[in-house]
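A short worksheet on the structure shown next.
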Amino acid sequence: MELWLIEEHTPGYSVNWKIKQTIHTEKTAFQHLAVVETVDFGRALILDGIVQVTQTDEFIYHEMIAHVPLFTHPNPQNVLVIGGGDGGTVREILKHPQVQVDLVEIDARVIENCRRFLPELGQALEDPRVQIVVADGIEYVKQTEKRYDIVIIDSSDPIGPATGLFSQEFYQGVYRVLKADGLMVAQTESPIFNKELLSGVYADLQELFPLAYVYLTCVPSYIAGFWTFSLASKKYDPLQPARKPSLAEGAFRYYTPEIHHATFVLPPFVQKVLKGNS
Ligand code: AG3
Numbered sequence: 001m002e003l004w005l006i007e008e009h010t011p012g013y014s015v016n017w018k019i020k021q022t023i024h025t026e027k028t029a030f031q032h033l034a035v036v037e038t039v040d041f042g043r044a045l046i047l048d049g050i051v052q053v054t055q056t057d058e059f060i061y062h063e064m065i066a067h068v069p070l071f072t073h074p075n076p077q078n079v080l081v082i083g084g085g086d087g088g089t090v091r092e093i094l095k096h097p098q099v100q101v102d103l104v105e106i107d108a109r110v111i112e113n114c115r116r117f118l119p120e121l122g123q124a125l126e127d128p129r130v131q132i133v134v135a136d137g138i139e140y141v142k143q144t145e146k147r148y149d150i151v152i153i154d155s156s157d158p159i160g161p162a163t164g165l166f167s168q169e170f171y172q173g174v175y176r177v178l179k180a181d182g183l184m185v186a187q188t189e190s191p192i193f194n195k196e197l198l199s200g201v202y203a204d205l206q207e208l209f210p211l212a213y214v215y216l217t218c219v220p221s222y223i224a225g226f227w228t229f230s231l232a233s234k235k236y237d238p239l240q241p242a243r244k245p246s247l248a249e250g251a252f253r254y255y256t257p258e259i260h261h262a263t264f265v266l267p268p269f270v271q272k273v274l275k276g277n278s
C-alpha cells in the first residue's frame, strides 16, 4: 500500500509527500509530532502536519539562519536560540569558536525525538557549550537577566505554539535581552503565502531597531520554495559582515561570503511586500 503525507497549506494548495515509513508519531502537550521517512527527501520532522526539516535540504535553512548573523558580528560569544528544538541551528552556531548557546524550546518532546530519530541535528544539543531551557520563549525574554550578542528565532509557522513569536511585544523582549551591539534573526515564512505577516514583522523591527533587513533564500521542502529571514541589529550592518569563514570553518554546503551579500538582494515583488502594498 502506498503511504502519502498530505501537507495542507491553503484551501487551494497542498504538497503530497510519498512516505516509505512512519517512524514515530505522538501528540505532545503542544502539538502533533511525526518523524517520517520520505521517498525523495530522507527523514522529515513534521509538526502539526507541516514539514519542519528534511534531511535533504535542512542545511540550507540552518546555515542561512545561523551564519548570516554570526559572521555579521565581530565576536559572537553568547547566542540565544528560541525554538529550534531539532538542533540544526545549534549545530551550525557551534561551528563558531567560543560560542555559548542557550536554547529555549517550549516542547521537550521535539528535542527528545530529534536526538533519537534525527541525530545529525539533535546530537548538537548534547555539546557542553549548549544549555537547554524548556520554556516559553516569550516569557524567557521578558524575565531573564542574561544578555546576548545574537538571538535567533527558529520557530514553526505562526499558528499553534509559535504564534506569539511573531508579535511586537515579543520583539521588545528580544531587544531587551540583546547587548548594546546585539542583533537578531527570525525565520519569517514565505513571501508568497505570508505577505502580511512578513510586512508586519518588517515594520515592527524597523520601529524597534536602527537597522532592519529581510533576506531571501530557497528551501525546496518549504511551501513554494522561497523563504525569508528578518534580521534586526542595534549596531552591526549585515551588508558589511565583520568576519569571513576561516579555512577550518569553510566546510559549508550553502553559505559563502558571496551568498551572504547576495541573500540581501531582493526581487521587486518581495520589496513590494515589504512596503506593505503587495
Ligand atoms: N522552522 C521553520 C519551518 C517552517 C515551515 N513552514 C512551512 N513549510 N509552511 C523549522 C525549524 C528548523 N530548525
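Be aware that the sequence shown starts at 1, since it is given in our numbering, and climbs by one per residue.
For each residue, glycine too, the CB sits at the ideal point set by N, CA and C.
This structure is a prediction, so every number in the text was calculated from the model and none was measured.
Quick test of your reading: R253 and P74, contact by CB under 8 Å. State the CB separation rounded to the nearest angstrom. Walking along the sequence shown from the start, residue 253 turns up at place 253. Walking along the sequence shown from the start, residue 74 turns up at place 74. Taking a contact as a CB-CB distance under 8 Å, the pair R253 and P74 does not count as one, their CB atoms being some 25 Å apart.
Backbone secondary structure at K234 - three-state DSSP: Here residue 234 refers to the residue found at position 234 of the sequence shown. Residue state for K234 is assigned as coil, using DSSP reduced to three classes.
I111 beta carbon less than 8 Å from that of T89: Sequence index remark: in the sequence shown, residue 89 carries index 89 (1-based). Sequence index remark: in the sequence shown, residue 111 carries index 111 (1-based). No, Cβ-Cβ distance for T89 and I111 is not below 8 Å.
Euclidean distance between Cα positions of G173 and G200: By 1-based counting over the sequence shown, the position of residue 173 is 173. By 1-based counting over the sequence shown, the position of residue 200 is 200. Each residue's Cα considered, the two are about 17 Å apart.
Extent of the continuous beta strand (DSSP E) to which T38 belongs: Looking up residue 38 in the sequence shown gives position 38. For T38, the enclosing beta strand (DSSP E) starts and ends at H32 to T38.
Outcome for G12 when other beta-carbon atoms lying within 10 angstroms are tallied against a minimum of 16: Mapped onto the sequence shown, residue 12 falls at position 12. Here G12 is exposed, its C-beta having fewer than 16 other C-beta atoms within 10 Å.
Proximity winner among I159, P161 and L178, relative to P76 (alpha-carbon distances): Locating residue 76 in the sequence shown gives position 76, where the first residue counts as 1. Checked all of I159, P161 and L178; the closest Cα to P76 is L178.
I50: beta carbon under 7 Å from a heavy atom of the ligand AG3? Within the sequence shown, numbered from 1, the residue matching residue 50 stands at position 50. Yes.
Closest residue to Q55 among L231, Q143, F170 and D40 (Cα-Cα distance): For this step, residue 55 is matched to residue 55 along the sequence shown. Considering only L231, Q143, F170 and D40, the residue with the shortest C-alpha distance to Q55 is D40.
Thinking just about the alpha-carbon of each residue, which of T163, F170 and G160 is nearest to the one in V151? Numbered from its first residue, the sequence shown carries residue 151 at position 151. With distances taken between Cα atoms, V151 lies closest to F170.
Rounding to the nearest angstrom, what Cα-Cα distance links K272 and A224 in this structure? To locate residue 272, count along the sequence shown from 1; it is residue 272. To locate residue 224, count along the sequence shown from 1; it is residue 224. Between the C-alpha atoms of K272 and A224 there is a straight-line separation of about 18 Å.
Are the stretch 78-93 and the stretch 11-26 touching, with three or more C-beta to C-beta distances below 8 Å? In short, these stretches do not touch, since the Cβ pair count stays below three.
Residue burial classification, K195 (beta-carbon count within 10 angstroms, cutoff 16): Taking the first residue of the sequence shown as 1, we reach residue 195 at position 195. Result: buried.
Run the proximity test for S155: is its beta-carbon closer than 7 Å to any non-hydrogen atom belonging to the ligand AG3? Translated into the one-based positions of the sequence shown, residue 155 becomes position 155. When distances are taken from the beta-carbon of S155 to the heavy atoms of the ligand AG3, the shortest one is below 7 Å.
Given 7 Å as the limit, tell me if Q187 has its C-beta closer than that to any heavy atom belonging to the ligand AG3. The sequence position of residue 187 within the sequence shown is 187, counting from 1. Yes, the Cβ of Q187 comes within 7 Å of a heavy atom of the ligand AG3.
Around the Cβ of V270, are there at least 16 other Cβ atoms within 10 angstroms (buried) or fewer (exposed)? Counted from its first residue, the sequence shown places residue 270 at position 270. Residue environment for V270: buried (at least 16 other C-beta atoms within 10 angstroms of its C-beta).
Distance check for H96 and L266, CA to CA, integer angstroms please. The sequence position of residue 266 within the sequence shown is 266, counting from 1. The sequence position of residue 96 within the sequence shown is 96, counting from 1. Cα to Cα, L266 sits roughly 28 Å from H96.
Can you say whether I159 is buried or exposed, counting buried as having 16 or more other CB atoms within 10 angstroms of its CB? Working through the sequence shown from its first residue, we reach residue 159 at position 159. By the neighbour-count rule (16 or more Cβ atoms within 10 Å), I159 is not buried but exposed.
With the cut-off set at 8 Å, would you say Y255 and H32 are in Cβ contact? Translated into positions along the sequence shown, residue 255 becomes position 255. Translated into positions along the sequence shown, residue 32 becomes position 32. Contact: no.
DSSP three-state assignment for R43, whether helix, strand or coil: Numbered from its first residue, the sequence shown carries residue 43 at position 43. In this structure, R43 counts as strand in the three-state DSSP scheme.
Just to confirm my understanding: we take L70, look at its own chain, exclude 5 residues before and 5 after, and list those with CB closer than 7 Å. What are they? Taking the sequence shown and counting its residues from 1, the one referred to as residue 70 is at position 70. Exclusion of the five residues before and after L70 leaves P76, I93, H96 and I150 as the residues of its chain whose Cβ lies within less than 7 Å of its Cβ.
How is T72 classed by DSSP in three states: helix, strand or coil? Residue 72 sits at position 72 when you count from the first residue of the sequence shown. If DSSP states are grouped into helix, strand and coil, T72 belongs with the helices.
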